[in-house]
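Undergrad:
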Amino acid sequence: MIEKIRISLWDIFTFFMTGVFALIVTLSVLALTGRLPKHDVVIDFVIKLPTTYIIVVAPIVLTLLGLLIEPMANFFERYIGKHLYFWLKLNKAERYSDEVVMKDYIKNHCFGDLNNRIENPYHLCKDYVETKQLSTTFMVFLARYGFYRNCSFIVLVAGIFYFVDNLDGASFLLMLLSFLISALLTKRANEFYSYQGPAVYNAFLIDHLNWPAQQMAKVQKQTEKPTENQD
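Heads up: the sequence shown begins at 18 in the working numbering, then just goes up one per residue.
#1: Can you tell me whether M34 is helix, strand or coil according to DSSP?
#2: Within 10 angstroms of its Cβ, does I22 collect 16 or more other Cβ (buried), or is it exposed?
#3: From T154 to S195, what does the alpha carbon distance come to, in whole angstroms?
#4: Check this for me: beta carbons of L202 and C168, under 7 Å apart or not?
#5: Compare the Cα-Cα distances from F178 to each of F32, V58, N137 and L47 and report the closest residue.
#6: Ignore the nearest five residues each way along the sequence and tell me which others in F32's own chain have a CB closer than 6 Å to its CB.
#7: For S114, is the classification buried or exposed, using 16 other Cβ atoms within 10 angstroms of its Cβ as the cut-off for buried?
#8: How far does the alpha helix (DSSP H) with E208 in it extend, from its first residue to its last?
#9: Take L40 and list the residues in its own chain whose beta-carbon comes closer than 8 Å to its own, dropping the five residues that flank it on each side.
#10: Is it a yes or a no for the segment 203-220 touching the segment 147-166, going by three-plus beta-carbon pairs under 8 Å?
#11: Can you list, in chain order, the stretches of the alpha helix (DSSP H) that have 4 or more residues and sit fully within the segment 51-91?
#12: Rank D224, I198 and F170 by C-alpha distance to the C-alpha of N91 and give the top, closest one.
#13: Tell me the rounded alpha-carbon separation between V217 and V117.
#14: What is the residue span of the alpha helix (DSSP H) that I171 lies within?
#15: Tell me, to the nearest whole angstrom, how far the beta carbon of A220 is from that of V146; I am working on the premise that it is less than 8 Å.
#16: Measure the C-alpha to C-alpha separation of M128 and I223 and round it to an integer number of angstroms.
#17: Given that a residue counts as buried once 16 or more other Cβ atoms are within 10 Å of its Cβ, and exposed if not, what is K143?
#18: Within a Cβ cutoff of 7 Å, which residues of the same chain sit near L159, ignoring the five residues on either side of it in sequence?
#19: Would you say A175 lies against chain B (beta-carbon separation less than 7 Å)?
#20: In three-state DSSP terms, what is R95?
#21: Would you report the Cα separation of M18 and T35, rounded to the nearest angstrom?
#22: Using the three-state DSSP reduction, which class does L151 fall into: helix, strand or coil?
#23: DSSP three-state call for N116: helix, strand or coil?
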């Protein structure tokens, strides 16, 4: 039960922080365009808000904002981002080789009658790890991947909006800067995404493997007991 609550909190934390980041970026753009009210007006407005609004309503609104941004960021990454950031290189050779070894072992030895029949065991292993609550490490990677992906989308949209609103050299340079920052955030998101497969397979194998050293120790103990009794 505790693990399930922790996973839910990770999901909420991801969306909430996305909403907070979107709010910060929006306020920054408004400040750059001169549309943000004076600091005294903003501070006075916040002070006059009831405590319930700040403690309860604000987190809910920010979480809902993150929930709205997430599908747009997902759509952007799937259909546009992968072409826009084609030049990004992700060094995952070592992790990938380990992942392939674990994946092949699981396909060939861990599914009983289904051995060699399941081409991609990732989703089955992931569901198994989640159901038995073996590890939440991959959920941490998933949450961070979602957060950085959402931030990448927000930064790029903010840069484009600022350029369209001003149409001058400074705004164009700021848009280029937002593009570079968005690319860095996308690369970071992809790194966390690449950690998920090994994390799932690690948890699955730890629960399934009959470790040879342990088996040999048990056999040795069993063979030593009769000889001790004979002495």
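Ideal Cβ positions, reconstructed from N, Cα and C, are used throughout, including at glycine.
Since the model is a prediction, treat every value here as computed from it, not as a measurement.
TA: Working from what's here:
#1: If you number the sequence shown from 1, residue 34 lands on position 17. In this structure, M34 counts as helix in the three-state DSSP scheme.
#2: Translated into positions along the sequence shown, residue 22 becomes position 5. With a pLDDT of 48 at I22, under the threshold of 50, the modelled position of this residue cannot be trusted, and the question is left open.
#3: The residue you call residue 154 lines up with position 137 of the sequence shown. The residue you call residue 195 lines up with position 178 of the sequence shown. Rounded to whole angstroms, the separation of the alpha carbons of S195 and T154 is 31 Å.
#4: As a first step, residue 202 is located in the sequence shown; it is residue number 185 there, counting from the start. As a first step, residue 168 is located in the sequence shown; it is residue number 151 there, counting from the start. Going by beta carbons, L202 and C168 fall inside the 7 Å limit.
#5: Translated into the one-based positions of the sequence shown, residue 178 becomes position 161. For the options F32, V58, N137 and L47, the alpha carbon positioned closest to that of F178 is the one of L47.
#6: Numbered from its first residue, the sequence shown carries residue 32 at position 15. Excluding residues within five positions, the ones whose Cβ falls inside 6 Å are T80, G83 and L84.
#7: Locating residue 114 in the sequence shown gives position 97, counting from the first residue. Classification of S114: exposed, given that the 10 Å Cβ count is below 16.
#8: For this step, residue 208 is matched to residue 191 along the sequence shown. Counting along the chain, the alpha helix (DSSP H) containing E208 begins and ends at G186 to H225.
#9: The sequence position of residue 40 within the sequence shown is 23, counting from 1. The residues are L79 and L82.
#10: The answer is yes - the segment 147-166 touches the segment 203-220, with three or more Cβ pairs under 8 Å.
#11: Scanning the segment 51-91 from its first residue to its last, the whole alpha helix (DSSP H) runs of 4-plus residues come out as 56-65.
#12: In the sequence shown, counting from the first residue as 1, residue 91 sits at position 74. Ranking D224, I198 and F170 by Cα distance to N91 puts F170 first.
#13: Your numbering for residue 217 matches position 200 in the sequence shown. Your numbering for residue 117 matches position 100 in the sequence shown. Using only the alpha carbons, I get a separation of about 13 Å.
#14: The residue labelled residue 171 in the question sits at position 154 within the sequence shown. In the DSSP assignment, I171 falls within the alpha helix (DSSP H) that extends over T154 to N183.
#15: Sequence index remark: in the sequence shown, residue 220 carries index 203 (1-based). Sequence index remark: in the sequence shown, residue 146 carries index 129 (1-based). Sure, about 5 Å apart at Cβ, within 8 Å.
#16: What you label residue 128 is simply residue 111 of the sequence shown in a count that begins at 1. What you label residue 223 is simply residue 206 of the sequence shown in a count that begins at 1. The sequence given here places Phe at residue 128; Met does not occur at that position. Cα to Cα, the separation comes out at about 15 Å.
#17: Numbered from 1 along the sequence shown, position 126 holds the residue referred to as residue 143. K143 should be labelled buried.
#18: Here the question's residue 159 lines up with position 142 in the sequence shown. Excluding positions up to five away in sequence, the list reads Q213.
#19: In the structure shown, chain B cannot be found, because there is only a single protein chain.
#20: As a working note, residue 95 is residue 78 in the sequence shown. Of the three classes helix, strand and coil, the one that applies to R95 here is helix, per DSSP.
#21: Stepping through the sequence shown from its first residue, residue 18 is reached at position 1. Stepping through the sequence shown from its first residue, residue 35 is reached at position 18. With a pLDDT of 42 at M18, under the threshold of 50, the modelled position of this residue cannot be trusted, and the question is left open.
#22: Counted from its first residue, the sequence shown places residue 151 at position 134. L151 falls in the coil class under three-state DSSP.
#23: Translated into the one-based positions of the sequence shown, residue 116 becomes position 99. A small fix is needed here, since residue 116 is Glu in this sequence, not Asn. Reduced to three states, the DSSP call for E116 is helix.
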